[in-house]
Structure formats: C-alpha cells, structure tokens
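Undergrad: Chains V and H are the protein sequences, given in the same order.
Note that the first sequence covers residues 276 to 776 in the working numbering.
Note that the second sequence covers residues -6 to 184 in the working numbering.
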Amino acid sequence: MSELLSNLLLGFQVASNPYNVLFCLIGALVGTLVGVLPGIGTVATIAMLLPITFGLPPVGALIMLAGIYYGAQYGGSTTSVLVNIPGEATSVVTCLDGHQMARQGRAGAALSIAAIGSFFAGCVSTVLVAALGGPLTSLALLFGPAEYFSLMVLGLIFAVVLAKGSVLKAIAMVLTGLLLSMVGSDLETGAGRMTFDVAELADGIGFTNIALGLFGFAEIIRNLELPAESREIVKAKVTGLMPTRKDLIDSSGAIARGTVLGSILGILPGGGAVIASFAAYTFVKRIANVPSRFGNGAIQGGAAPESANNAAAQTAFIPLLTLGIPPNAVMALMVGAMTIHGIVPGPQVMTKQPELFWGMIASMWLGNLMLVIINLPLVGVWVTLLRVPYRLLYPAIVVFCCIGIYSINNSPTDVVISALFGVIGFWLVKHDFEPAPLLLGFVLGPLMEENLRRAMLIARGDATVFFTRPISGTLLAIAIFLLLLAALPMIRKRREEVFVE
Amino acid sequence: MPEDVNPSQKGPRIGFSVRGPRDFWGGIVLIALAILAIWASRDLPGQRGFAFGPGTAPRLFSGLLAFIGAAVAAGGLFVEGPPIEKYKIRGPLLVIISILLFAALIRPFGLVVASYVVFIVSILGSTEMRWIESVIAAAVMTLFCVLLFVYLLNLPFQLWPQSNAPTILWNQTADIVKNTLLMFQKAPPRP
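1) Under 8 Å, with one C-beta from each stretch per pair, do the segment 94 to 110 of chain H and the segment 20 to 39 of chain H reach the 3-pair mark?
2) Can you list, in chain order, the residues of its chain with a C-beta nearer than 6 Å to that of residue 732 of chain V? Leave out the 5 residues immediately preceding and following it.
3) Does DSSP put residue 441 of chain V in a helix, a strand or coil?
4) Does residue 62 of chain H have its Cβ less than 8 Å from a Cβ in chain V?
5) Unbroken alpha helix (DSSP H) runs of length 4 or more, entirely within the segment 621 to 649 of chain V: which are they?
6) Pick from V:687, V:756, V:710, V:580: whose alpha carbon is nearest that of residue 169 of chain H?
7) Using a cut-off of 8 Å between C-beta atoms, extract the partners of residue 26 of chain H located in chain V.
8) Does residue 670 of chain V get closer than 8 Å to chain H when you measure Cβ to Cβ?
9) In chain order, what residues of the same chain lie with their CB nearer than 7 Å to the CB of residue 483 of chain V, ignoring the 5 residues before and after it?
10) For the segment 29 to 41 of chain H, list every residue whose C-beta sits within 7 Å of some C-beta in chain V, in sequence order.
11) Measure the alpha-carbon distance for residue 507 of chain V versus residue 665 of chain V and round it to whole angstroms.
12) I'd like to know whether the C-beta atoms of residue 53 of chain H and residue 447 of chain V end up nearer to each other than 8 Å.
13) So is residue 102 of chain H in contact with chain V if we call contact Cβ pairs under 8 Å?
14) Mind checking residue 474 of chain V: buried by the 16 CB within 10 Å criterion, or exposed?
15) Taking the beta carbon of residue 149 of chain H as the centre, do at least 16 other beta carbons fall within 10 Å, making it buried, or is it exposed?
16) Per DSSP, what are the beta-bridge partners of residue 778 of chain V in this structure?
17) Can you pull the chain H residues whose beta carbon is under 7 Å from the beta carbon of residue 447 of chain V, in chain order?
18) Rounding to the nearest angstrom, what Cα-Cα distance links residue 107 of chain H and residue 397 of chain V in this structure?
19) Below 8 Å CB to CB, which residues in the same chain sit around residue 69 of chain H once its five sequence neighbours on both sides are set aside?
20) Could you tell me the boundaries of the alpha helix (DSSP H) in which residue 575 of chain V lies?
21) Against residue 81 of chain H, what residues of chain V qualify as contacts under a CB-to-CB distance less than 8 Å, listed in chain order?
22) Using DSSP with H/G/I as helix, E/B as strand and the rest coil, what is residue 776 of chain V?
23) Going by C-alpha to C-alpha distance, which of V:711, V:709, V:712, V:678 sits closest to residue 139 of chain H?
24) Threshold first: 4 residues or longer. Then list the alpha helix (DSSP H) segments lying entirely within the segment 109 to 146 of chain H, N to C.
25) Within 8 Å, do at least three Cβ pairs link the segment 529 to 540 of chain V to the segment 694 to 707 of chain V?
26) Whose CA, out of V:748, V:752, V:754, lies closest to the CA of residue 422 of chain V?
27) Are the beta-carbon atoms belonging to residue 152 of chain H and residue 143 of chain H less than 8 Å from one another?
28) Determine the chain H residues that contact residue 697 of chain V at a beta-carbon separation under 9 Å, and present them in chain order.
29) Report the rounded CA-to-CA distance for residue 425 of chain V versus residue 741 of chain V, giving the unit in angstroms.
30) What does the alpha-carbon distance come out to for the pair residue 278 of chain V and residue 593 of chain V?
31) Kindly indicate which residue of H:41, H:29, H:45 has the alpha-carbon position closest to the one of residue 726 of chain V.
32) If you measure from the beta carbon of residue 496 of chain V to each beta carbon in chain H, is any gap under 8 Å?
33) Could you say if the segment 615 to 622 of chain V and the segment 379 to 397 of chain V meet the contact criterion of at least three C-beta pairs nearer than 8 Å?
34) Could you check how far apart the C-beta atoms of residue 406 of chain V and residue 641 of chain V are, in whole angstroms? I think they sit under 8 Å.
35) I'd like the list of long-range same chain contacts for residue 467 of chain V, defined as Cβ closer than 7 Å, with 5 residues on each side in sequence excluded.
36) According to DSSP, simplified to helix, strand and coil, what is residue 735 of chain V?
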C-alpha cells in the first residue's frame, strides 16, 4: 500500500511539472474539440496530431495524447446532448436519452451529470490502474511467446465479436490488417516483403497513413455523399447548468454501474469505450423499474454510458502499459506513438521508466479534473464551433491531415498512400466492412508474427504447443468460445436488435 | 449508413442474380487481395524445417483470407442483402484529387501554395460551395496552418515555391511513372 502511495506521489510530481500540466491541458482541450466536432474521430485526431508530438519529450507527448483520448469522449457527449449528433462513436448511446432531456429543457442537467459521472468514473478507474499495475506486471512475466500469441488472438477475436457487423467480415478485416502489417522488411532476415520495390515501403506502410486514410479521409468522403441538411446544426441556448438534488440521487446508481462495467470492459483486449457505453446503457435499461422511460429523457440513460466510456478509456491503459498489448484501435495508435518515441511498451516500462508510467497515471486524474473545469463553462463555445458549416470544415480537415502526414517523413509518398487508403476505407464502408478491426490487426501483426515464429521455433514446429501450455490453451479456448457464441445466428440477431433500439 | 431497400432489388446482373451484392463483391475483392499477396510474396523463401521463413506467414494468412473471402462471397450469393449504394462521383473524386495534388505540389511549390490549392480543390467537391467564402476561408486556413506547423511547432517546411518549381514537378512525375512501370517489369531477384 505504501509502495502504491509512494509511486502515486512520484507520479503526481511528474504530472504537476508545469510543462506536463500544459500538455495535459492542451490535450484535453484539443480532445474535447475533436469530440465536439462530428466527423473527426478520436483515431483520426490522434493520428493527425501524432506528428506534432514528435518534438515533445516522451512523457509529455503521451500525456497529451492521453488527454486527447479522454477529452474526445467528453466532447462527444456535448454534441450528443445538444444536437443529437454523436461527436464520438462512444457518445452514440448518449444521444438517446441525453438529447431528449435537452428537448425537455434540461440540457444543462444532462451535460452536468455526464461530466460528473465521467469524473467519478475517471477517479475510480485511475485508482484501479494504479492498483492493478503491479500485479498485472508479475502476471506478465508468466507469459511466453505462445501465451502472447494466444492473448493477441483473443484480443482480435474480441474486436471481431463485439464489432457491429458480420463476424465473418470482421475476421476478414483483421486478416487484411495482418497482411498489410507484413509489408516491409522481414523480422529476421531483413528481406523486403511485398514491397514491390518501392523504396518508401521498405519500413512498412506507416500506420499513421493507414489510420488517417481509413478513418479521416474515408469519413470525409463518406460524409460528402450524404445530403446536406443532415449536417447543419440548429442553434441551442443552454440554461440551468446545474442538476437538481433528485437528479444526483437518481443517477448515482447508474454512474456506479457504468463505472464498474466500463472498468472491466476497458481492460479486456478488444473491449473499449464504445462497447462499454452500449453495454452500460443496455444493462441499466434492463434492470430499471420503468424501462419505458428510457429513450424519453431518463437521466440514467445519459449517466451510465458516460461513466462507462470514461472508465473504459482509463482502464484501457492497463493492458497497454503493463503488457504492451493495445486493447483497441486508439490504444494501438498509442503503441505506435510510444514506439516512435523509443519506448517499448510492456512490463519493463514500469520498472525501467517509472516516472513515465506513474506520471501518466497521475496525469489521467489531473486530466479528468481539468475536463470538468473546461467543459462546463465552455459549452457555449463548443456549440459555436459547431455552427461552422461542414462545407468549410471538411476542406480544413483535408489540408490539416495532408500537412500532418507529410510532416512525418517529408515524403509525398506517404500522402499518396493515405489517399489510397482513403479510397479503400470508402470502399469498405460501401460494402459493410468495418475498418477498426483492420487497424487493430495491422498494429498487432508484427508482434503476433514474431511470437508465432518464436513459439514454433521453441516448440520445434509443434503447433499443438498453443493448446498444451495452460495459459495459452485457456486463452485460445476463451477465444474459440466467444467466436462460436458470436457466430450463432440467434446471438447475432439479438446483437443487431439491441443496436437498433 | 446502409438504407434498408426493397430486398427484391437485385444487384448487377451477371447471369445469375446475386442476392447480396455488397457481400458478394466484397468477398471477391478479398480473394483478389489474397491472390495479390501470394503473388507478391512468391519469391520469399518458405519454411525451413520448423523455422518460419519470411514467406510463410504472408502465404498462411493470405490463404486464410482467401478462404474467408470465399465464404463472404458465398454468403453474398445466397443471402439477401441491401444493394450497393450508388457511388457519388464529385465529392470523393475531388477530395482524392486534392490529396494527390498536395503530394505533387508540396515539394516544388511549397506549403502555402499547396495548402491553398488543396483547400480550393477539395471544397469544389461540395455541392454547396460558394466561391467568395471559399477563397477567403482557404486563405485563413493556409495562414493558420503556416502559423501552427511552421512557427509554433517548428516543423521543416518549404514555404514558398522553389525557383525551378515546374521543372521539379515534371521530374517528380516522371520518376513516379518510371517507378510504377518498373514495379511490374522484372521479378525481384531470388535471395
């Protein structure tokens, strides 16, 4: 316990360094901005802002990116409530009841409860991250290459199973991502693989290129196909910011449940804030006394998903910081960011760079506090930004992205590659394929292949080693079980059913 | 979001009717991608004993992908699915062109010109664009980007066109065309 406290103290010392506080603030601001503006996703923003962080010290860069991440979650709830447009994928569920509350003139209460719920969830999950960091690290030492491989398979299966669309297509996307990750130089021999003799591909396809193309450009292209009126925003005057006593009491249960669900789902590979918000809403609705209130302005319907997605956002750092395994696409980008800064995420981060680890954890708490301070007064400002017509907004995004990509390597080829992936992402949407599993497969690909090869080498070509080693076998069994569960048509239909609600 | 259209609308007629065109063509493209990957890795050595070679994993996963792709395509053949929405040309094409223009222009012509041109070209993709506000907005955005990326973040960028800009542009384009053609010409040497 005292070790935990001293570690936290170290963390707070790092986090309260004025530069880091500044980075946290900038990250939280930018993240909220991103979350408020519909059409720019968290993944795209982090990908966009990655090149900017290259010049920053590693701790500062990661603190900023983390601030963007959960700031985006916060900002998304603002637009969801005010104008029924989810600024973020994680805020889709908040639209359901949050906006209804706004229509009944209670936008202030809805926004505040979302902020308070998120803050509470953030505090709890920060403690969890701090507490579970140590034990998880010693667990990590039990993991050999076979276990790592199976864990990654499990993670990818989670992403497949919990994704919205067809399981088969999600698997296909994961495989495509894995294949794309193999373009470049071979791990052991250095031979060029599938590079078509293009010099720029010798180091592989940059993941920023893929991420920005698939999520940024493709989203813009997609939005341009939609009719104009679906994007114009209506003026909204927000009054009465503070929730009543009754509101607080009513929503306390929902906040608690959302926090628990979010914390659990955030840790699991493949889980994440989106699933957490959706799961929390469904759960709270099912146990409610009067389920019909949901969808008509029940305050729990806004509190639960908001708490859940913030809790999940925090605990998503646990597998990242301790085991080095990204549980979702955003964390995958963080792995990329860490690698770029020369940090190898994994168990050694805790011991070799404690100020990084604990500094990040402390700054998460700080960030949560900052978000509450930023969001409540600034609601008016964010809404004004929404009034920028989309026809002027998207070209700005295009220019911004192009410059960002080019600045990574001063290479026009990178820009061309992301244009290509923009087209690919567009095609994927047209054919009901989800791009997120592809990105996850792409990031986990090199690690997966390395561990696969190593495990096979150690086991002298015996493929059953993945099943005979206990931890590895358990992980694979869970993966197969989940896959079967998702493949059953009944479950699949129910998943779609709940989503349509 | 895919609209739920009358399911009796069939996809492109290719002799027999495809019930779920999205899945069908999606699966076909996946199979094609797998074949491409196998072709691209054809010269990589495979497994030696129980050690994976560089080509093992690509071929392994390509095979899996082809299999899954076939399953998806088969699903598209027999299961009803919504038709593929029509592709709108203007918006997507102009945005892609603007991005490619950026890649072409950034080195010879510098950041200011490239940003401005890209803004204008991409805004042409919108059916609601108005010239006056676009011209002004482009200028504002360019200024903002220059301030942010060059002055605030100190990233190395060529701001203004180089003296022999058109020559550079021409050479650049010629290089790309040459390399693209080379790609398909000779097979990579065997290790």
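Ideal Cβ placement from N, Cα and C applies to all residues, glycine included.
As the structure is a prediction and not an experimental result, all values here were calculated from the model.
TA: Taking the geometry as given:
1) no
2) none
3) coil
4) yes
5) 622 to 627
6) V:687
7) 451, 454
8) yes
9) 322, 325, 680, 683
10) 30, 33, 34, 37
11) For residue 507 of chain V, the pLDDT reaches just 42, beneath the cut-off of 50, and the residue's location in the model is therefore unreliable, although a value from the coordinates is still provided. Cα-Cα distance, rounded: 7 Å.
12) no
13) no
14) exposed
15) exposed
16) The structure shown does not extend to residue 778 of chain V, since chain V spans only 276 to 776, so no value can be given for it.
17) 23, 58, 61, 62, 65
18) 42 Å
19) 11, 12, 13, 14, 15, 16, 17, 18, 19, 20
20) 574 to 590
21) 499, 500
22) Because the pLDDT of residue 776 of chain V is 47, which lies under 50, any placement of that residue in the model is unreliable, and the question is left without a value.
23) V:678
24) 124 to 138
25) no
26) V:748
27) yes
28) 85, 88, 89, 92
29) 7 Å
30) 18 Å
31) H:45
32) yes
33) no
34) In fact, because the Cβ distance is near 18 Å, the residues do not count as touching under 8 Å.
35) 460, 477
36) coil
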